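Under the working numbering, the first residue of the sequence shown carries the number 1, and numbering increases by one thereafter. Ideal Cβ positions, reconstructed from N, Cα and C, are used throughout, including at glycine. Quick caveat, the model's predicted, so the values are computed rather than measured.
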Amino acid sequence: MNDKKIEYLIEGISKDIIAYLMEDKGMKMTEAIFVFHNSETFAKLSDPNTGLYIESSAYVYEILKTELKMGKITRE
1 MNDKKIEYLI
11 EGISKDIIAY
21 LMEDKGMKMT
31 EAIFVFHNSE
41 TFAKLSDPNT
51 GLYIESSAYV
61 YEILKTELKM
71 GKITRE
């Protein structure tokens, strides 16, 4: 998969997760963007080597929720 397609998938997932944070947590857009872009989850999503960009937005959001709850990414 080329870099443009990967970037497109990452942007789509990011958009969805920011919307989820706004809806589920009552965050304003700027806060949701800040929280997500400063998370370990976003760092992993942005690294093409992890392959996280091929997962669903809901799956990535579950990872983020765990990170926010536990302070880090963990396997439950």
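- Three or more beta-carbon pairs separated by less than 8 Å are not found between the segment 41-50 and the segment 19-31, which leaves the two stretches without contact.
- Within the segment 18-62, the complete alpha helix (DSSP H) segments of 4 residues or longer fall at 29-37 and 40-46, listed in chain order.
- Scanning N2, S57 and N49 for the CA closest to the CA of L21 turns up S57.
- Take the alpha-carbon of I54 and the one of L9: they are about 7 Å apart.
- Of K5, K65 and Y61, the smallest CA-CA separation from I17 is found for Y61.
- With fewer than 16 other beta carbons inside 10 angstroms of its own, T50 counts as exposed.
- Assignment of M70 by DSSP, reduced to helix, strand and coil, places it in the helix class.
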